[in-house]
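What follows is a set of notes on a single structure, which appears directly below.
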Amino acid sequence: MAHVFRKPGAWFSMGVAAVLVGVLLVKLDGHRSPEWPASSAPPVSVPAPPAEAASWMHKLGPGEKPPQFVLFSFDGAGSHDHWQRVLPLAKSVHAHFSGFLSGIYLLPNAQRGQYTGPGHPTGKASIGFGGSEDEVRTLVSDLNTAVDQGEEIGTHYNGHFCTGAEPSVGHWSTAAWDRELRQFFGFVDGARTGRGLRVDPAAIKGGRTPCLEGDWAQAFPAMRDSGLQYDSSRPSDGVKWPSQVDGLWEFWMPYVKVPALGKKVIMMDYNLWFQYNHAQEDSSHTAEYTQDTVETYRGAYQAAFQGNRAPLVVGNHFNDWAGGAFAKATEDFMGEVCGKPETVCATYSEVIRWMSLQDPAVLDRYRQMPAAQP
Numbered sequence: 106m107a108h109v110f111r112k113p114g115a116w117f118s119m120g121v122a123a124v125l126v127g128v129l130l131v132k133l134d135g136h137r138s139p140e141w142p143a144s145s146a147p148p149v150s151v152p153a154p155p156a157e158a159a160s161w162m163h164k165l166g167p168g169e170k171p172p173q174f175v176l177f178s179f180d181g182a183g184s185h186d187h188w189q190r191v192l193p194l195a196k197s198v199h200a201h202f203s204g205f206l207s208g209i210y211l212l213p214n215a216q217r218g219q220y221t222g223p224g225h226p227t228g229k230a231s232i233g234f235g236g237s238e239d240e241v242r243t244l245v246s247d248l249n250t251a252v253d254q255g256e257e258i259g260t261h262y263n264g265h266f267c268t269g270a271e272p273s274v275g276h277w278s279t280a281a282w283d284r285e286l287r288q289f290f291g292f293v294d295g296a297r298t299g300r301g302l303r304v305d306p307a308a309i310k311g312g313r314t315p316c317l318e319g320d321w322a323q324a325f326p327a328m329r330d331s332g333l334q335y336d337s338s339r340p341s342d343g344v345k346w347p348s349q350v351d352g353l354w355e356f357w358m359p360y361v362k363v364p365a366l367g368k369k370v371i372m373m374d375y376n377l378w379f380q381y382n383h384a385q386e387d388s389s390h391t392a393e394y395t396q397d398t399v400e401t402y403r404g405a406y407q408a409a410f411q412g413n414r415a416p417l418v419v420g421n422h423f424n425d426w427a428g429g430a431f432a433k434a435t436e437d438f439m440g441e442v443c444g445k446p447e448t449v450c451a452t453y454s455e456v457i458r459w460m461s462l463q464d465p466a467v468l469d470r471y472r473q474m475p476a477a478q479p
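Counting with the numbering used here, you get residues 106 to 479 for the letters of the sequence shown.
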């Protein structure tokens with residue numbers, strides 16, 4: 106099926122810098138086509154690290170630098186083709202990554218009536234549902250393989266209601282966020298009992314909001330009440346260490362310079378695509394966009410590695426925008442960077458666990474360093 110996308114509509118504020126970047130917002134999540142347009146570490150309860158993580162999962166010694174963490178994450182996490190490419194790639198380079206699942210992908214189209222987005226009619230969403238029964242079974246199999254391999258499953262919520270699909274997530278109350286999360290976990294539970302899904306709801310510790318939008322004063326209480334420990338939605342100027350905001354770890358989406366454009370962009374596939382050509386589907390520039398994106402990732406990695414060693418968030422979708430340019434760039438970069446010395450491609454929960462082992466004063470010193478600027 107052809108994908109249908111809504112145009113960007115909302116704007117972000119970059120705080121003191123007051124940089125407006127809403128035209129860079131992320132839109133859809135790469136599964137089925139929509140049928141309409143659209144200081145000290147907190148206590149943690151994350152799974153023990155796999156055996157291969159033991160070499161870096163320790164308290165830093167005197168003078169020892171942190172590993173350069175790279176956090177690959179994929180919003181939506183519903184495309185079988187992408188799972189089939191990324192899972193073996195990650196395994197081959199000893200990488201872990203995070204898939205932020207859109208909960209309604211666990212509902213076959215015939216069961217769409219089980220979802221009611223806050224303020225929206227029952228059975229409606231800005232992205233597609235799970236498709237056929239066979240497609241949902243395939244997704245469950247992919248998710249089970251991911252869990253068995255040590256990848257992390259987080260939440261991308263459900264209906265993907267961004268600015269323009271009102272009431273959008275940017276205007277939701279705490280009660281609305283709570284309802285959305287309760288439904289998400291309900292869909293996970295339903296797939297566990299009815300389809301053999303092996304994703305443990307207790308292991309879902311964070312995620313990313315649709316389009317990076319949200320009234321955080323309203324959203325974060327619901328996230329905390331649902332047992333989440335981190336979010337990775339809010340932008341930062343440069344690559345920064347995670348910090349605690351209202352009881353959650355915020356893993357910042359870095360706003361970095363793109364060499365090909367000569368300006369800063371939130372380092373996420375859709376945002377880059379929008380800045381390259383206003384998110385127009387055109388495969389004639391696939392090779393160019395792939396190379397430009399890889400160069401952007403490399404610059405951000407080198408700035409962090411040589412600077413504050415802040416974890417680098419590489420945000421993406423399971424989509425083939427621009428002829429697959431961004432999927433290829435991300436896969437190429439994963440294959441390249443995860444084998445570098447002093448570099449660990451990890452999940453968010455693994456990094457939280459690592460931070461919990463560290464002397465808080467040591468991490469505070471790194472947080473006080475300037476943000477890495479490519």
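Cβ coordinates follow ideal geometry from the N, Cα and C atoms, glycine included.
Where residue i falls: helix, strand or coil (DSSP)
i, result
"H422", "strand"
"M162", "coil"
"A477", "strand"
"T448", "strand"
"Q411", "helix"
"W277", "coil"
"P167", "coil"
"G428", "helix"
"I309", "coil"
"G367", "coil"
"Y262", "coil"
"E386", "coil"
"M460", "helix"
"E257", "strand"
"M373", "strand"
"E140", "Unreliable positioning characterises E140 in this predicted model, as indicated by a pLDDT of 28, which lies under 50. The coordinate reading is nonetheless provided below. Note: E140 maps to coil in three-state DSSP."
"D469", "helix"
Identity of the residue in the options nearest residue i by Cα
i, options, result
"D186", "T243, H163, V198, F174", "T243"
"S231", "F290, S237, T221", "T221"
"D253", "P172, A322, H422, A195", "A195"
"A215", "F234, A324, F266, P465", "F234"
"S454", "S337, S184, Q323, K229", "S337"
"F431", "F356, E400, Q323", "E400"
"E447", "K229, G301, F290, Q173", "Q173"
"V304", "D387, A405, T279, E257", "E257"
"A405", "Y394, L417, M328, G183", "L417"
"Y262", "S389, A270, R217, Y210", "Y210"
"V419", "P167, K170, F205", "F205"
"P213", "H225, Q219, S207, G236", "G236"
"K164", "Q473, L462, D469, Y471", "L462"
Cβ-Cβ distance between residue i and residue j below 8 Å
i, j, result
"T452", "F292", "no"
"V274", "T314", "yes"
"V198", "C443", "yes"
"A415", "K345", "yes"
"L317", "M358", "yes"
"V363", "Q380", "yes"
"T260", "I309", "yes"
Near the ligand ADP: residue i beta-carbon under 7 Å from a heavy atom
i, result
"R300", "This structure lacks the ligand ADP, and indeed carries no ligand of any kind."
Beta-carbon contacts of residue i that lie in its chain and below 6 Å, excluding the five residues immediately before and after
i, result
"A281", "P223"
"W426", "W378"
"Y402", "F438"
"V175", "L417, V442, C450"
"W321", "none"
Sequence-distant residues of the same chain with beta carbon closer than 7 Å to residue i, five excluded per side
i, result
"A158", "Low confidence applies to A158: its pLDDT is 44, below 50, so where it sits in the model is not reliable, and the reading given next is rough at best. Once the five neighbours on either side are set aside, the close Cβ partners of A158 are E455."
"W459", "M162"
Contacting residues, own chain, Cβ-Cβ under 8 Å from residue i (five flanking each side not counted)
i, result
"S145", "No answer about S145 holds up, because its pLDDT of 33 lies below 50 and its placement is not dependable."
Fill in: Any alpha helix (DSSP H) of 4 or more consecutive residues that is wholly inside the stretch 175 to 246
The stretch 175 to 246 contains these whole alpha helix (DSSP H) runs: 185 to 197.
Item to complete: With a floor of 4 residues, list each alpha helix (DSSP H) that falls wholly inside the stretch 289 to 360, ordered by position along the chain.
Response: As far as the stretch 289 to 360 is concerned, its whole alpha helix (DSSP H) runs of at least 4 residues are 321 to 330.
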